[in-house]
Structure formats: structure tokens, C-alpha cells
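These notes concern the structure reproduced below.
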Amino acid sequence: MYRWTKHRGKFLVFTLCAVLVYGVSQGERWFTPLAQPQVYDLDPPRYFGDMVYDLSSNPLTTEGIALGRALFYDPILSVDSTISCASCHSSYTAFSHVDHALSHGIGDTIGKRNAPPIQNVGWHKTFRWDGGLTHLDAQVMAPLHNATEMASNLPLVFERLRRSDHYPALFEAAFGDTSISTRRFIDALVQFQLILISDNAKYDSVRRGEAKFTAQEKKGFKLFKRNCASCHKPPLFMNNDFTSNNLPVDSSLIDLGRFHVTHRPHDSLLFKTPSLRNIEYTYPYMHDGRFKTIYEVLDHYNEHVMPLSHEEQTEIYAFLLTLSDYSFIRNPDFAFPR
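In numbering that gives the first Met the number 0, the protein residues as written are 0 to 337.
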């Protein structure tokens with residue numbers, strides 16, 4: 000069942016009214032913008048700690064989020080109108096590119112890294128596997144300009160948005176007038192991604208005192224804390240840092256990780272520690288997607304990092320499944336606006 004918060008009904012009603020515009024005749028005024036955008040009350044769990052992203056610089060509104068959602072799912076952002084943000088970040092797989100080792104872009108071009116999931120991004124200090132971007136505002140723009148992703152540019156995108164039947168009204172609802180600018184474009188995309196918070200897995204229910212781990216899950220959590228939590232630190236199951244995954248370099252990619260950003264020898268082969276939330280849904284794994292299953296990852300660490308018996312691996316696996324948030328991947332507020 001979905002967890003209905005005090006703002007969800009309001010957001011869903013607005014989205015149905017404001018985003019479902021396909022089929023409306025050209026030039027028709029299909030809704031009257033509100034005088035003031037409605038403040039969106041983001042309510043993450045306190046145990047997540049302070050958000051890294053400064054919300055005062057981009058206050059969340061229901062209308063801004065609806066605009067960002069429309070942009071996120073729209074392929075007109077790419078140069079040939081074939082690739083949207085959602086092409087590599089599906090809501091049904093925690094906004095990851097499931098079953099694709101490397102990301103895909105326009106013209107079936109293949110990237111050099113696995114597309115990471117989009118969840119709880121407000122708590123990230125850096126973005127990309129090498130941490131090459133240090134602000135969410137920059138991250139939402141990067142795919143648009145990347146030659147192997149969208150290969151587009153803002154003048155082209157803005158011209159399409161201005162000529163569309165519905166985007167001028169969406170911008171007016173979110174920002175007070177129909178003007179389309181870089182700042183507004185970024186703010187809207189960021190607002191939508193900031194609300195993609197996964198905080199309703201069984202782990203969270205246990206933390207809130209609403210459920211209990213099974214004996215196997217409890218043993219797995221104990222093993223996890225001893226062997227894994229220094230990098231995958233609860234409750235976000237990441238540490239905003241970089242580490243070696245002890246993998247040999249793929250000769251076809253020659254990806255040296257953090258070194259490509261800092262050019263410091265000791266950063267060679269260091270990659271950003273990914274969050275393990277929703278790991279059940281976000282396969283394949285690692286920066287190059289070389290492992291298809293969680294057990295392949297556990298086998299790798301068993302061989303190269305921390306010896307684990309088959310029983311211990313099974314217990315850790317059982318715990319990792321408690322990080323699956325079904326309500327997150329099936330949340331209608333996050334899915335394609337139908």
C-alpha cells in the first residue's frame with residue numbers, strides 16, 4: 000500500500016489537472032494558473048539527517064514539481080526527441096537503468112558507466128561515479144549536453160518548450176509568467192528529483208518500531224554492520240565518499256574513476272560509494288554494470304575483500320532485501336504523468 004502523506008492528495012490532484020495535457024487542442028487555455036504556487040511540504044524522516052541541498056535556494060512548490068516531472072519524462076530534451084531522463088532512470092526500478100550494464104543515449108550510443116538510481120539525491124554531496132559534479136543543479140544539466148546521452152542544447156530545448164501547447168502554462172503556474180529560462184528549467188527538474196525520497200522499506204518500518212526483522216534478517220544486519228557499513232552507512236546506506244571496489248580495469252573502458260577528476264594518483268580506481276537502498280531493483284551493479292545479481296557482488300567481495308560463508312552471504316542478502324521500498328517504485332506521483 001502507498002503511504003499517503005498530508006501533501007500527496009493535493010499534489011496528485013494538481014498533477015492530473017496540470018500535466019495531462021496531451022490531446023488538448025492547440026491554443027486552448029486548459030487551466031487558470033494559481034495566483035501563488037502552493038508550497039510543497041517535504042517531510043523526510045529525521046533520522047536521515049540534514050539535507051545537503053539548500054532548499055531555501057529553490058523552494059519546493061506543487062506546480063514547480065509538476066513542471067519538473069513533465070520535463071523529466073519528455074524526450075524533447077534530447078536533440079532528436081528520442082531520449083528522456085526517464086530513458087535511463089525508470090521509476091519502476093528506483094530510477095535506475097535496469098538490465099543495462101552501461102547507459103544508452105541518442106542513436107543507440109553507449110555510455111561508459113552504469114546509470115545510477117535517482118533516490119534521496121538531496122543528501123548527496125557529489126554526483127556521478129567519479130564525483131565530477133558537486134551540485135544537483137549541475138547534475139540535472141549534464142545529460143542534456145553529453146554527446147552520448149541527449150546531445151542537446153538549451154536554445155533548442157527552450158524553443159521547443161515555447162512552441163509547445165502546454166509548457167508555457169506550466170511555467171506560468173510554477174513561476175508566475177510564461178518566461179522560460181535556464182534558472183527556471185533547472186529549478187523545476189531539481190524540484191521533482193528532490194521529492195524522490197525512498198524511506199518506506201522494511202528497514203524503515205523496523206526503525207520506526209512498526210515491524211521486526213526476521214532472525215535471518217537480523218543476523219544479516221549484524222554482519223552488514225561489521226563488514227559493509229563503513230562505506231554503506233545507514234540510514235542512507237552511502238557515505239558520500241569514494242572507495243576502491245577491487246575490480247580489475249575493463250580494457251574496453253579504461254575507467255580510472257575519481258582520478259579522471261582530480262588527477263591524483265591515489266584517487267585512481269576510486270568510485271563513489273552507491274547507496275544500497277532498493278538494491279533489489281537496480282541491477283546490474285558496480286560502475287560498469289559487470290555484475291548482474293547481488294550474489295555475484297557478494298561473491299566478489301568474498302573473494303577479494305571479506306571472506307564470507309555461504310550462510311553469511313545468504314543472511315546479508317536477506318537483510319539487503321529489507322532495503323526494498325515497493326511504495327517508492329510504485330508511487331503514482333513519481334511515475335510517467337498519464
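No residue lacks a Cβ here, since even glycine has one placed at the ideal position from N, Cα and C.
Reference S83; option with closest CA among D129, V120, H144: What you label residue 83 is simply residue 84 of the sequence shown in a count that begins at 1. Of D129, V120, H144, the residue nearest in Cα terms is H144.
Same chain, Cβ closer than 7 Å to I278, five either side skipped, listed in chain order: Translated into positions along the sequence shown, residue 278 becomes position 279. These residues qualify, in order along the chain: I293, L319, L322.
Run of the alpha helix (DSSP H) containing K365, from where it starts to where it stops: Coverage of the chain is limited to positions 0 through 337, which leaves residue 365 absent and any answer about it impossible.
Sequence-distant residues of its chain with Cβ nearer than 6 Å to T177 (five each side left out): For this step, residue 177 is matched to residue 178 along the sequence shown. Closer than 6 Å at Cβ, skipping near neighbours: P167, F170, E171.
Inter-residue Cα distance where the pair is D332 and E310: Looking up residue 332 in the sequence shown gives position 333. Looking up residue 310 in the sequence shown gives position 311. Roughly 39 Å separates the two Cα atoms.
Residues that Y284 bridges to, as DSSP identifies them: In the sequence shown, counting from the first residue as 1, residue 284 sits at position 285. Per DSSP, F290.
Own chain residues within Cβ distance below 6 Å of I315, not counting five before or after: The count along the sequence shown starts at 1 and reaches residue 315 at position 316. G219, L222, F223, listed in sequence order.
G288 beta carbon less than 8 Å from that of A100: Position 101 of the sequence shown, counted from the start, is the residue given in the question as residue 100. Position 289 of the sequence shown, counted from the start, is the residue given in the question as residue 288. Yes, Cβ-Cβ distance for A100 and G288 is below 8 Å.
Buried/exposed call for L70, threshold 16 Cβ in 10 Å: For the purposes of this step, residue 70 is taken as the residue at position 71 of the sequence shown. Buried: at least 16 other Cβ atoms inside 10 Å.
Length at least 4, wholly inside the region 95-156: the alpha helix (DSSP H) runs in chain order: 135-138, 141-144
Counted within 10 angstroms of its Cβ, other Cβ atoms place D249 as buried (16 or more) or exposed: For the purposes of this step, residue 249 is taken as residue 250 along the sequence shown, with counting starting at 1. When all chains shown are included, D249 counts as exposed.
Residue span of the beta strand (DSSP E) that contains K271, given as start and end: As a first step, residue 271 must be located in the sequence shown, where it is residue number 272. Element bounds for K271: 269-271.
Segment contact, 8 Å Cβ cut-off, at least three pairs: the region 58-75 with the region 182-198: yes
Exposure of N152, with buried meaning 16 or more beta-carbon neighbours within 10 Å: Against the sequence shown, residue 152 aligns to sequence position 153. Per the 10 Å Cβ criterion, exposed.
Bridge partner(s) assigned by DSSP for V38: As a first step, residue 38 must be located in the sequence shown, where it is residue number 39. Answer is T60, bridged to V38.
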